[in-house]
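First residue of the sequence shown: 0, per numbering that gives the first Met the number 0; consecutive thereafter. Where a beta carbon is used, it is the ideal one built from N, C-alpha and C, also for glycine. Everything numeric in this text was worked out from a predicted model, so none of it was measured. Here's the structure we're looking at; comments come further down.
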Amino acid sequence: MKQRITYLVPEADDFHPDLLSVRDASLSVRNLKAAKEHRITVGLSELPEKLRNVLGEWRELHIRWVSETPYDAPPPFTSRVSPGLHVFFTPEEKGLKAPLCPLLRQTFGHELKCNSTVTAFTKAPILSKRFSHSPSLQYHSHLPSITHLIRYIQDKLCPPSSSSCKNGASSLDSTSYTDIDYDTISHALTLNAFFPSAPDPSIGWTETISLPSTSSTIEIGILNHEPNPDPEDIAFAGFLTVLGKDTKPVPTRFQTITRHYPLSTQTTYKAHFQQPTGLHPTLQLTLTPPLTPPAQSCKLHTYLTLPSHLFLDPYSFRDPLFLASHNLTALHSLAGNTDLEAPDWVVSEWGSAALLELAIPPSTTSASSETGKEDDMTVTVPLHLRYLPAANRAHTSVPLPWPVVFWACRSEEGAAKMATNPFDRRVLGYEGLFGERTRFVHVPPAGGKVLVEWVDVPVLDLRKAGWVEMGTVGVVVAAFLVICWVLLFGGRRGGDQKKEVKSGKKKQ
């Protein structure tokens, strides 16, 4: 087992080597105010046999869980994904029926809408042939916490006598995102957790890191992000140490290219539903100025992850006037279930994903503004709700995670050089929609609330459904009696009239 722990100090003056203490193949930090990334790599031979056999049936598996709570994403941890559980998966040629859904429900909770890999997963959209190696299937589910994953690790993966393993698993409850990756090339399972700050930010990290065994190694870095004139590189300076080999912290400085960059301006975005929502809610994105592209080649995009109860009408997005009225340029991709008539209870897929390009006005400065400041930019995305199953209430609430917003810019370097970044985070769902020479400059969400919107939807109230049933039966019975009366008495009357006509003819 290998571990890599990276502390990212926001200010170089906040760190001093005296905060570190190295003794007996262990390192202690004290009052270290920093973001933290903890990566653990486990070989297949170190996993339980049952889990090892299941993983052997898949070519690659990538799991991304993101918290609903807003968090700061300093470089190199700038990449963003919508809140919830994301699963990207490629089976072996004969492994499509591998029991991934049962494993997901066992690991993350039985409330997941995942009964079969064939029906629940959707094909991942790939617009660039150069990204043909990307996972072929994807899945998403609303998941506020990973309590079930913590219990699974503690019960199934941690040795019974290892308190450090169980305590480490418990710490995942305070992560902003947790990634799990597996592929047949490395034959290893990697867990990567990101903490934007210590559990108590005012105190900072105070902990001791020790080797779990003599055969393991732990790489530890205490780094600070430094300004770099190259717009495609990020630079760091700090101290590095490797427990198990050389426990003495060594000063270091390095720079690397990365595919995900932070926005240099103070632009943020908010998402909410226009009121009233009804059965055709409109998602509104509000972006604060300035809205200047980082480079001339950059285009502003948003990537939506829509659960099965919400969907886009792809036909309306073909109208240029419709797009312009909503400050949109184009719908570049829509993958997943797009049936416009199906109710939610017959949709087996998890939902759909859409990539939209946003239209940036030439100038967002308000002519009537006395201060000369730019006004906020508003983008609206019309959505539709499916009919939901009946419940013991008149209304129910369904979630929609905030989409991610980013500038897609042309990079001078390709994906091969970007992969040399030791902190590179791949397989986020939208990279395959762009070429390999693309870098993503992320617009951060505005803080202050959870990154999930809820829609109040009217449903059939089962508590009052009895009256509906009785009324329906009454109407059917009444209609049946009316028809019988018409057939019986109406037929007799018609026969008497015919007889009268015939008798009249005979008299004449």
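Counting C-beta neighbours from all protein chains within 10 Å, is the total for residue i 16 or more, i.e. buried, or is it exposed?
| i | result |
| --- | --- |
| P361 | exposed |
| D375 | exposed |
| A119 | buried |
| E59 | buried |
| Y314 | exposed |
| Q2 | buried |
| T377 | exposed |
| S368 | Since pLDDT at S368 reaches only 48, below the 50 mark, its modelled position is unreliable, and the value read off the structure follows with that caveat. That one is exposed. |
| V472 | exposed |
| S131 | Because the pLDDT at S131 is just 47, under 50, the model does not fix this residue reliably, and the point stays unresolved. |
| T364 | With a pLDDT of only 42 at T364, under the threshold of 50, the placement of this residue in the model should not be trusted; the figure read from the coordinates follows. Answer is exposed; the Cβ neighbour count stays below 16. |
| L486 | exposed |
| A366 | With a pLDDT of only 43 at A366, under the threshold of 50, the placement of this residue in the model should not be trusted, and no figure is reported. |
| V456 | buried |
| V454 | buried |
| R22 | exposed |
| G431 | buried |
| V80 | buried |
| P16 | exposed |
| T419 | exposed |
Just to confirm before moving on: does the CB-CB distance between residue i and residue j stay below 8 Å?
| i | j | result |
| --- | --- | --- |
| L145 | F107 | Note that residue 145 is Ile in the sequence shown here, rather than Leu. Yes. Within cutoff. |
| P289 | E356 | no |
| H224 | P74 | yes |
| P250 | T240 | no |
| I208 | I219 | yes |
| L19 | V28 | yes |
| Y138 | C164 | no |
| L43 | A187 | yes |
| Y268 | Y429 | no |
| T116 | L99 | yes |
| E36 | M0 | no |
| W406 | V440 | yes |
| G237 | L222 | yes |
| L84 | W57 | no |
| S140 | W349 | yes |
| L399 | P342 | no |
| D404 | L284 | The question names Asp, but residue 404 in the sequence shown is Val. The answer is yes: Cβ separation under 8 Å. |
| F272 | E452 | yes |
| L286 | V442 | yes |
I'd like to confirm the pairing. Which residues does DSSP put opposite residue i in its beta bridges?
| i | result |
| --- | --- |
| L136 | F88 and K122 |
| G42 | A187 |
| D232 | I256 |
| Y6 | K35 and I221 |
| E59 | T89 and D182 |
| W64 | L84 and T177 |
| I208 | L26 |
| S20 | S27 |
| V380 | L282 |
| Y268 | L286 and P444 |
| S396 | D455 |
| T216 | K1 |
| T240 | I219 |
| P143 | Beta-bridge pairing links P143 to no other residue. |
Closest to residue i by CA distance: which of the options is it?
| i | options | result |
| --- | --- | --- |
| Y151 | P47, H141 and G446 | P47 |
| R38 | P421, S347 and A352 | P421 |
| L450 | A34, E10 and E67 | E67 |
| R436 | P398, W453 and C408 | C408 |
| S196 | I184, D178, P306 and S173 | S173 |
| F87 | R425, L382, A445 and S263 | R425 |
| A72 | P158, L111, K122 and S175 | S175 |
| L330 | R317, S324 and L242 | R317 |
| D180 | P381, H61 and D229 | H61 |
| P261 | P82, H300 and E231 | E231 |
| N336 | L322, N326 and D312 | D312 |
| S214 | T183, L242 and D460 | L242 |
| P69 | T395, V456 and K448 | K448 |
| F508 | Q295, A270, S347 and A353 | No information on residue 508 is available, as it lies outside the stretch 0 to 507 that the chain covers here. |
| T5 | N191, V41, R258 and D23 | N191 |
| S25 | E206, H147 and D154 | E206 |
| L461 | A389, L282, L54 and H325 | A389 |
| R392 | R258, I184, A11 and V458 | V458 |
| S347 | L103, R22, R51 and L111 | L111 |
| S296 | W344, D199 and E411 | E411 |
| T257 | A11, R51 and T77 | T77 |
| G434 | S133, L282, K463 and I217 | S133 |
| A358 | T121, A270, T291 and L384 | T291 |
Requested in this report: May I have a chain-ordered list of the alpha helix (DSSP H) segments no shorter than 4 residues that lie completely inside the region 283-349?
Outcome: You should have 319-324.
Report task. Would you mind listing the alpha helix (DSSP H) stretches within the region 146-197 that are 4+ residues and don't spill past its ends, in chain order? Result -> Here the runs fully enclosed are 146-151 and 162-169.
Report task. Any chance you could list the beta strand (DSSP E) runs of at least 3 consecutive residues sitting entirely within the region 399-481, in chain order? Result -> If only complete runs of 3 or more residues are kept, the region 399-481 shows the beta strand (DSSP E) at 403-409, 437-442 and 451-457, in order along the chain.
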